[in-house]
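In this note's numbering, the protein residues as written are 133 to 260.
Heads up, the beta-carbon is just placed ideally off N, CA and C, and yes, glycines get one too.
Bear in mind the structure is a predicted one, so any value in this text is a computation, not a measurement.
Following: one structure in structure tokens, then a few remarks.
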């Protein structure tokens with residue numbers, strides 16, 4: 133969480149993705165027993181043959197995802213962050229418990245997707 137990719141030039145960043153990039157935030161909990169949690173934020177790479185030095189690839193396995201739109205924040209990053217946090221809380225505190233036939237897929241990656249001013253949460257789910 134304490135690393136940034138500001139060291140990647142604007143030109144290299146554009147090479148990673150389309151001119152209008154899609155970016156993802158990925159939550160990974162490598163050890164549920166310790167509660168350790170990692171958050172990665174990167175553009176979706178259109179070509180894996182070019183990855184700037186200092187960045188790594190993160191492969192996301194296919195899964196069935198429940199998709200939740202985040203209310204628009206009109207460019208207000210503080211509001212966007214609050215809306216994302218509220219939606220995560222809703223998904224795991226209300227939506228999943230109320231949907232008795234679904235549960236979060238523990239071996240998959242939860243994602244936040246940011247594209248063209250819109251934000252979505254992707255929660256991998258499986259049938260109980």
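Item                                                                                                               : Value
Distance between residue 184 and residue 140 (C-alpha atoms, nearest Å)                                            : 7 angstroms
Closest Cα partner of residue 207 within the set 259, 138, 248 and 252                                             : 248
Beta carbon of residue 172 nearer than 8 angstroms to that of residue 157                                          : yes
Outcome for residue 133 when other beta-carbon atoms lying within 10 angstroms are tallied against a minimum of 16 : The pLDDT assigned to residue 133 is 39, lower than 50, so where the model puts this residue is not dependable; a value taken from the coordinates is nonetheless given after this. Looking at its Cβ environment, which holds fewer than 16 other Cβ atoms inside 10 Å, residue 133 is exposed.
Same chain, Cβ closer than 7 angstroms to residue 219, five either side skipped, listed in chain order             : 200, 202 and 253
Straight-line gap, residue 260 to residue 232 (C-alpha atoms, nearest Å)                                           : 8 angstroms
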